[in-house]
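Novice: Pasting a structure below so you can have a look.
In the numbering used here, the protein residues as written are 1141 to 1189.
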């Protein structure tokens, strides 16, 4: 049996990153909602090592 969560910076950015959110209509809706709420970070910054 293995441990389920094995974090990867690149995968996380590709799934939850800002550019991905900008692409789709639903992603843009998420960004707008977070901006309206006043979130400091709207989405992940695409920082990979």
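Glycine included, C-beta positions come from ideal geometry on N, C-alpha and C.
By the 10 Å Cβ neighbour count, where 16 or more other Cβ atoms means buried, how is residue 1178 classified, buried or exposed?
Specialist: Answer is exposed; the Cβ neighbour count stays below 16.
Novice: Buried or exposed: which applies to residue 1162, given that a residue is buried once 16 or more other Cβ atoms fall within 10 Å of its Cβ?
Specialist: When all chains shown are included, residue 1162 counts as exposed.
Novice: Roughly how many angstroms lie between the CA atoms of residue 1151 and residue 1144, to the nearest whole one?
Specialist: Cα to Cα, residue 1151 sits roughly 15 angstroms from residue 1144.
Novice: What would DSSP say about residue 1159, mapped onto helix, strand or coil?
Specialist: Helix, per DSSP.
Novice: Take residue 1160 and list the residues in its own chain whose beta-carbon comes closer than 7 angstroms to its own, dropping the five residues that flank it on each side.
Specialist: Hits under 7 angstroms: 1154 and 1167.
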